[in-house]
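Some notes on the structure that comes next.
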Amino acid sequence: MKILCVLYDNPKKGMPKKYPLSKLPVIKKYPNGQTLPTPKGRDFKPGTLLGSVSGELGLRKFLEKNGHELVVTSDKDGKGCRADRELRDADIVISQPFWPYYLTREKMESAPNLKFAITAGIGSDHVDLQAAMDHNIDVYEVTYCNSRSVAEHIVMMIISLVRDYHNQHAIVNRGGWNIADAVHRSYDVEGMHVGTVAAGRIGLDALRKMKPFDVHLHYFDKHRLPKSVEKELNLRFHSSVESLVKVCDVVTINCPLHPETENLFDKKMISKMKKGAYIVNTARGKICNKQAIAAALKSGQLSGYAGDVWFPQPAPNDHIWRKMPHHGMTPHTSGTSLSAQTRYADGVREILECIFSRKQVRKEYTIVRNGELAGTGKHSYTKGNATGGSKEAAKYKRR
Ligand code: NDP
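Structure representation (C-alpha cells):
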C-alpha cells in the first residue's frame, strides 16, 4: 500500500540532537480505564520529536519491512502541493490536527485508491466526514492520546489569562519593572465560576484539574455526566450553552468541531456572556467567530482569549487573532508535547497493524466506518463537513 503522511516542518535548526529529559514518565492507563496504544512494536525512542517530517511518526522501518511505501511531506496547501500530487495513488493518508491536511471532497475524488484517513491525534474535522462516508473511506483517530495534554494546557491558559501573565512576562523581556502596569488587569481565579462546553475526555479532565483552585465548576454537554461525578466535583449542569455562559467568568470550549458547533461562539453568543469573561478554546478555531472574538476583546465584553487552535491552520500571517488585545494564543501545540507524540505515534501504528491484518480497529478510535459515523464518531460528531474555507491555509508564508 502507499501511505501518505503529512506532518509539520522540522525545527528550523534541524532535528534536536538532545532533549531536556532522557525518559518519559510511565503511564499505563487513562482515567476511564482505557489502555494506552498497544502496537506490536516500536521503532523510535519515546520522548523524541516524531510529529515533524523527519520524525515520520517512527513508521518508516515498520512500513518498508512490510512492503509498503511511505511518503512524508509538510507541503500540504496550495495548488500543485506535494501532498495533493502524492494523494492521487495513495491508499492511506495520515495527517495531524496541528498541521492539518484538509481532506476535502474534491481531494478524495482525486484519489480512487484511498480507503483510510488516520488522524495522528484527536479531532478529524480536517477530513470532510460527509464525503468520507459517501466514498466509503474509514476515518480513525487516536482517542485519548493527548486529551490530558490538552487539559494541562487549558489550566495553564486559564491561570495565565486571569493573572495576566503574558503582559507581565513581556514587561520583564522589555527590561521593565512597573508593578502597576503589571497588575492592573491581574486577578485570582479562586472563587470564580469556570465552565466547560463539553465534558468529554478533555473537558472533564480540565474540570478535575481546576477543582483544587477552589473555583465553582459548571458544564454543558449533550449527555449528562453520572451523578457521582457531578457530586464529586460539586458540578452544576446547564441544559444550554447560553445558560452556562451567562454565569461563568471563564468558559473553556472542549467539543469537537462539526456542523452543530461551527461558529457556536458568534457575536450573539458572546453578547450573552458575563461582561469581562475569559474564553479558553483548545478545541477548534472554527467554533469561535474570529471577528466577533477580536471585537469583544476590544470592547471589553471579553477580558481575555487564549487557545492553540485557529482556522485555517497554519493561520495566515495576518490572522486577526495574532494581533488582537489580551490574547494568550499559541500555535497548535497543546496536543503535541513530546509526551503526546509518543502516544499518538504508537496509536497510529496500532491502527495500521489492524488495517494490514484486517482486524477491526478499536471502537474508541473509530470515527467513520463502512460509510457511517461509528464508535467515538457516532457519539461525538454529527454528519456533515467542516472543512469549508480551508484553502485560506495556503496564504501562510513560512517565517
Ligand atoms: P471526547 O470525544 O472525549 O469529548 C467530546 C465531547 O464533546 C463529548 O462529551 C461530546 O458529547 C461533546 N459534544 C459533542 N458535540 C457537542 C455539542 N454540540 N455541544 C456540547 N458538547 C458536545 O473528545 P476529547 O475531549 O478528547 O476532545 C474534544 C475535542 O478537543 C476534539 O474533538 C478536538 O477537536 C479537540 N482537541 C484538541 C487538541 C489540541 O491539540 N488542541 C488535541 C485533542 C483534541 P457526548 O459524547 O456526550 O455526545
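Counting in this note's numbering, the sequence shown runs from 30 upward without gaps. Here a beta-carbon is modelled for each residue, glycine too, at the ideal position from N, C-alpha and C.
*Mind checking residue 212: buried by the 16 CB within 10 Å criterion, or exposed?*
Counted from its first residue, the sequence shown places residue 212 at position 183. Exposed: under 16 other Cβ atoms inside 10 Å.
*Indicate whether the contact test is met: 3 or more Cβ pairs, each with one atom in the stretch 237 to 254 and one in the stretch 263 to 272, closer than 8 angstroms.*
yes
_Only counting the same chain, and skipping five residues up and downstream in sequence, which positions put a Cβ closer than 7 angstroms to that of residue 200?_
Taking the sequence shown and counting its residues from 1, one reaches residue 200 at position 171. The residues are 207, 210, 211.
*Evaluate the contact criterion for the stretch 85 to 103 versus the stretch 401 to 414: three or more CB pairs, one atom per stretch, below 8 angstroms.*
no
_For residue 147 and residue 169, I'd like the C-alpha separation in whole angstroms._
Sequence index remark: in the sequence shown, residue 147 carries index 118 (1-based). Sequence index remark: in the sequence shown, residue 169 carries index 140 (1-based). Rounded to the nearest angstrom, the two C-alpha atoms are 5 angstroms apart.
*Give the DSSP-derived three-state secondary structure of residue 373 in the structure shown.*
Numbered from 1 along the sequence shown, position 344 holds the residue referred to as residue 373. Three-state result, residue 373: helix.
*Could you check if residue 93 is buried or exposed, using at least 16 other CB atoms within 10 Å of its CB as the buried criterion?*
Translated into the one-based positions of the sequence shown, residue 93 becomes position 64. Classification of residue 93: exposed, given that the 10 Å Cβ count is below 16.
*Quick one: Cα of residue 38 to Cα of residue 257, how far?*
Within the sequence shown, numbered from 1, the residue matching residue 38 stands at position 9. Within the sequence shown, numbered from 1, the residue matching residue 257 stands at position 228. If you take the alpha carbons of residue 38 and residue 257, they lie about 45 angstroms apart.
*Below 8 angstroms on the Cβ atoms is my guess for residue 379 versus residue 67; work out the distance and round it to an integer in Å.*
Looking up residue 379 in the sequence shown gives position 350. Looking up residue 67 in the sequence shown gives position 38. Between residue 67 and residue 379 the Cβ distance is about 6 angstroms, and since that is below 8 angstroms, they are a contact.
*Taking only runs that begin and end inside the stretch 129 to 210, name each unbroken alpha helix (DSSP H) of 4 or more residues, in chain order.*
134 to 138, 158 to 163, 176 to 192, 194 to 202
*Measure how close the beta-carbons of residue 306 and residue 280 come, nearest whole angstrom, since I'm counting them as under 8 angstroms.*
In the sequence shown, the residue the question calls residue 306 occupies position 277. In the sequence shown, the residue the question calls residue 280 occupies position 251. Contact flag correct, Cβ pair sits at about 6 angstroms.
*Taking the continuous alpha helix (DSSP H) assigned at residue 114, which residues delimit it?*
Numbered from its first residue, the sequence shown carries residue 114 at position 85. Element bounds for residue 114: 111 to 116.
*Assign residue 56 to one of two classes, buried (16 or more other C-beta atoms within 10 Å of its C-beta) or exposed (fewer than that).*
As a position in the sequence shown, residue 56 is number 27, starting the count at 1. Result: exposed.
_Collapsed DSSP secondary structure at residue 246 in the structure displayed_ = Locating residue 246 in the sequence shown gives position 217, where the first residue counts as 1. If DSSP states are grouped into helix, strand and coil, residue 246 belongs with the strands.
_Segment contact, 8 angstroms Cβ cut-off, at least three pairs: the stretch 175 to 188 with the stretch 415 to 424_ = no
*Among 359, 225, 104, which has the Cα closest to the Cα of residue 81?*
Counted from its first residue, the sequence shown places residue 81 at position 52. Looking at the Cα atoms, 104 is the closest of the given residues.
*DSSP puts residue 294 in a beta bridge; with which residues?*
The residue given as residue 294 occupies position 265 in the sequence shown. DSSP output for residue 294 lists 317 as bridge partner(s).
*Output yes or no for whether 8 angstroms exceeds the beta carbon distance between residue 228 and residue 254.*
Taking the first residue of the sequence shown as 1, we reach residue 228 at position 199. Taking the first residue of the sequence shown as 1, we reach residue 254 at position 225. Closer than 8 angstroms, so yes.
*Do you know how far the Cα of residue 204 is from the Cα of residue 46?*
The count along the sequence shown starts at 1 and reaches residue 46 at position 17. The count along the sequence shown starts at 1 and reaches residue 204 at position 175. Roughly 32 angstroms separates the two Cα atoms.
_Endpoints, beta strand (DSSP E) assigned at residue 281_ = One-based indexing of the sequence shown puts residue 281 at position 252. Start and end: 279 to 282.
*Start-to-end residues for the alpha helix (DSSP H) that takes in residue 272*: As a first step, residue 272 must be located in the sequence shown, where it is residue number 243. Residues 270 to 276.
*Assigned exposure category for residue 198 - 16 Cβ within 10 Å defines buried*: Walking along the sequence shown from the start, residue 198 turns up at place 169. Looking at its Cβ environment, which holds fewer than 16 other Cβ atoms inside 10 Å, residue 198 is exposed.
*Mind checking whether the beta-carbon of residue 9 lies closer than 7 angstroms to any heavy atom of ligand 1?*
Nothing in the structure corresponds to residue 9, since the chain is present only between 30 and 428.
*So is residue 64 buried or exposed if we call it buried at 16+ other beta carbons inside 10 Å?*
Working through the sequence shown from its first residue, we reach residue 64 at position 35. Burial call: exposed.
*Contacts around residue 428, its chain only, beta-carbon distance under 8 angstroms, and the 5 residues preceding and following it disregarded*: Residue numbering aside, residue 428 sits at position 399 when the sequence shown is read from its first letter. Result list for residue 428: 346, in chain order.
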